Amino acid sequence: MRKAGRVVAEMHAKTREAIRPGITTMELDRIARDVLDKRGARSNFLNYHGFPAVICTSPNDMIVHGIPSETVVLQDGDIISIDCGAIIEGYHGDAAYTAGVGDISPEARKIIEVTEASLVAGIQQMVDGNRLTDIGHAVQTIAEAGGYSVVREYVGHAIGTAMHEEPQVPNYGPPGKGPKLRSGMVFAIEPMINMGRPETFLLEDGWSVVTADGSLSVHVEHTIAITDNGPEIYTIP
Ligand code: MG
Ligand code: MG
Numbered sequence: 001m002r003k004a005g006r007v008v009a010e011m012h013a014k015t016r017e018a019i020r021p022g023i024t025t026m027e028l029d030r031i032a033r034d035v036l037d038k039r040g041a042r043s044n045f046l047n048y049h050g051f052p053a054v055i056c057t058s059p060n061d062m063i064v065h066g067i068p069s070e071t072v073v074l075q076d077g078d079i080i081s082i083d084c085g086a087i088i089e090g091y092h093g094d095a096a097y098t099a100g101v102g103d104i105s106p107e108a109r110k111i112i113e114v115t116e117a118s119l120v121a122g123i124q125q126m127v128d129g130n131r132l133t134d135i136g137h138a139v140q141t142i143a144e145a146g147g148y149s150v151v152r153e154y155v156g157h158a159i160g161t162a163m164h165e166e167p168q169v170p171n172y173g174p175p176g177k178g179p180k181l182r183s184g185m186v187f188a189i190e191p192m193i194n195m196g197r198p199e200t201f202l203l204e205d206g207w208s209v210v211t212a213d214g215s216l217s218v219h220v221e222h223t224i225a226i227t228d229n230g231p232e233i234y235t236i237p
């Protein structure tokens, strides 16, 4: 899983350095595909329930699952969530980041920072002996303290020889509930944080999830293992 995670991290680095006004989201997909090919990795996104690409590209009020397209051209001031996955030797990695395109507003920068901080807070709860809902409670506490709302309909998940394994890992809820966390468990923690209301709306393409109120949304994710020495993030270089 470390190997798969490092491939995902490279997909992040290569797409991140290409993000600029004028680039299409399909071009970002091609860049991510090149990384998979070069590293001998398979895509866990491509053909997943028919998904047509190796990354999800979700700009502005799109929360998750946006389909890369030649007709989606990034504009100065946009924010864009890029979700990437890879399989190496049968093991999966899954991680997302949100970046600004050109110059973004202070409000956009702040919601990205708070969402990143909420992910860090969730990861810090991935300690042997804690309970599953300690993770989501930590995410929710940071996000709501920033004045934002947490998406309920989409959640994180365990990950291993499949991308989505049980249990689900919500980004909200009371602390101290659910299964006990144990060393060796690996989760993809992925806060989806809205500037306005938490409700979501699915577009006609059957994939793209947007905020119901049109407000900005930020999505970040890592694949992390619980170890005897604390959490180990796999989807970093
Ligand atoms: Mg993901
Ligand atoms: Mg995921």
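Numbering (the numbering used here), first residue to last: 1 to 237.
Note that CB positions come from ideal geometry on N, CA and C, so glycine has one too.
Note that the coordinates shown come from a computational prediction; the quantities given were computed from them, not determined experimentally.
Would the C-beta of residue i count as close to ligand 1, meaning under 7 Å from any of its heavy atoms?
| i | result |
| --- | --- |
| Asp29 | no |
| Ala188 | yes |
| Ala96 | yes |
| Asp83 | yes |
Taking 7 Å as the cut-off, is the C-beta of residue i nearer than that to any heavy atom in ligand 2?
| i | result |
| --- | --- |
| Glu238 | Shown here, the chain extends from 1 to 237; a query on residue 238 therefore has no answer. |
| His157 | yes |
Could you check how far apart the C-beta atoms of residue i and residue j are, in whole angstroms? I think they sit under 8 Å.
| i | j | result |
| --- | --- | --- |
| Val218 | Ile193 | 5 Å |
| Leu181 | Ile123 | Rounded, the Cβ-Cβ distance is 12 Å, inconsistent with contact. |
| Leu203 | Val210 | 6 Å |
| His157 | Val139 | His157 to Val139, Cβ: 14 Å. No contact. |
| Asp205 | Ile67 | 6 Å |
| Pro174 | His137 | 6 Å |
| Val155 | Thr200 | That belief does not hold up - the Cβ atoms of Val155 and Thr200 are roughly 12 Å apart, past 8 Å. |
| Arg131 | Gly178 | 5 Å |
| Tyr234 | Arg2 | 5 Å |
| Asn171 | Pro198 | So it is not a contact: roughly 10 Å between Cβ atoms. |
| Met195 | Ile111 | 6 Å |
So, with DSSP's three-state summary, where would you put residue i?
| i | result |
| --- | --- |
| Ile159 | coil |
| Arg6 | helix |
| Gln75 | coil |
| Ile177 | Checking the sequence, you will find Lys at residue 177 rather than Ile. Note: Lys177 maps to coil in three-state DSSP. |
| Met62 | strand |
| Arg197 | coil |
| Ala13 | helix |
| Ala212 | coil |
| Ala41 | coil |
| Ala225 | strand |
Within the present structure, is the beta-carbon of residue i separated from the nearest heavy atom of ligand 4 by less than 7 Å?
| i | result |
| --- | --- |
| Gly90 | Ligand 4 is absent from the structure shown, which contains only ligand 1 and ligand 2. |
Could you give the first and the last residue of the continuous beta strand (DSSP E) run that contains residue i?
| i | result |
| --- | --- |
| Leu28 | Run containing Leu28: none in the beta strand (DSSP E); it sits in the alpha helix (DSSP H), 25-38. |
| His92 | 91-100 |
| Ser118 | Note, Ser118: premise wrong, no beta strand (DSSP E); alpha helix (DSSP H) at 106-124. |
| Thr239 | Since the first residue shown for the chain is 1 and the last is 237, residue 239 is missing from the structure and cannot be characterised. |
| Glu165 | 165-169 |
| Val186 | 186-189 |
| Gly230 | 230-233 |
| Val218 | 217-219 |
In the DSSP assignment, find the unbroken alpha helix (DSSP H) run with residue i in it and report its ends.
| i | result |
| --- | --- |
| Gly85 | Here Gly85 belongs to no alpha helix (DSSP H); instead the beta strand (DSSP E) covers 79-88. |
Does residue i have its Cβ less than 8 Å from a Cβ in chain C?
| i | result |
| --- | --- |
| Met62 | Annotation note: the requested chain C is absent from the structure, which comprises a single protein chain. |
Give a yes or no on contact between the region 53-73 and the region 125-132, applying the rule of three or more CB pairs nearer than 8 Å. Taking a cut-off of 8 Å for Cβ pairs, the region 53-73 and the region 125-132 do not touch, as fewer than three such pairs fall below it.
Count Cβ pairs between the region 36-46 and the region 2-17 that sit closer than 8 Å; are there 3 or more? Remark: three or more beta-carbon pairs, one from each stretch, lie closer than 8 Å, so the region 36-46 and the region 2-17 are flagged as touching.
Would you check if the region 84-95 and the region 104-119 touch, i.e. whether three or more CB-CB distances between them fall below 8 Å? No, they do not touch.
Is the region 100-114 in contact with the region 69-82, if contact means three or more CB pairs nearer than 8 Å? Counting C-beta pairs closer than 8 Å gives three or more between the region 100-114 and the region 69-82, which meets the contact rule.
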